[in-house]
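Numbering (my numbering), first residue to last: 605 to 720. No residue lacks a Cβ here, since even glycine has one placed at the ideal position from N, Cα and C. Heads up: the structure comes next, in structure tokens.
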Amino acid sequence: MNPQEASQCCGPIDDSLDAELFKALGEPTRLKLLSCLAKCGRPCSVTELAECCVVDLSVVSRHLSALEKAGVLTATKEGRTVFYAVRYKHLTDSFRTLAKAFEGCRPKRNTKKASP
Numbered sequence: 605m606n607p608q609e610a611s612q613c614c615g616p617i618d619d620s621l622d623a624e625l626f627k628a629l630g631e632p633t634r635l636k637l638l639s640c641l642a643k644c645g646r647p648c649s650v651t652e653l654a655e656c657c658v659v660d661l662s663v664v665s666r667h668l669s670a671l672e673k674a675g676v677l678t679a680t681k682e683g684r685t686v687f688y689a690v691r692y693k694h695l696t697d698s699f700r701t702l703a704k705a706f707e708g709c710r711p712k713r714n715t716k717k718a719s720p
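Rendered as structure tokens:
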């Protein structure tokens with residue numbers, strides 16, 4: 605199959621590649637915030653997470669909001685404070701599904717040896 609034919613057919617990989625997720629994860633500060641939050645293992649406030657990086661609090665808030673919009677985090681408001689938490693199951697399920705879809709696209713190895 606050539607690339608043009610491949611682009612016309614639908615497969616599990618098409619449903620697994622989420623541009624919004626990759627866009628959200630493609631920014632270094634967002635990755636640092638996600639890593640910090642994941643290692644913390646509990647919901648954290650914007651103020652707490654701002655201590656993980658060297659950008660302004662408002663910038664941290666915008667990055668966290670983008671990660672929430674992409675389905676990476678959940679946000680819970682308590683009074684005036686917003687707490688963010690990693691959606692561990694959603695992320696791991698998404699990446700497992702994507703890995704399986706890539707595995708399904710991998711060409712099969714020819715195990716037959718040519719005769720001399």
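Per DSSP, V690 is not a residue of any alpha helix (DSSP H); the beta strand (DSSP E) it occupies stretches across T685 to V690. Sixteen is the threshold: since fewer than 16 other Cβ atoms of the shown chains lie within 10 Å of the Cβ of Y692, the residue is exposed. Contact between the stretch 639-657 and the stretch 616-623 is absent: fewer than three C-beta pairs spanning the two stretches fall below 8 Å.
By the Cβ rule, the stretch 654-662 does not count as touching the stretch 705-714, because fewer than three pairs are nearer than 8 Å.
For E655, the three-state secondary structure derived from DSSP is coil. Bridge partners of L677 according to DSSP: V690. In the DSSP assignment, the residues bridged to C648 are Y688. Rounded to the nearest whole angstrom, the CA to CA distance from V663 to D697 is 29 Å.
Excluding sequence positions up to five before and after L625, its CB lies within less than 8 Å of the CB of A674, G675, V676 and S698, all in the same chain and listed in chain order.
Among the bridge pairs identified by DSSP, E682 is matched with T685.
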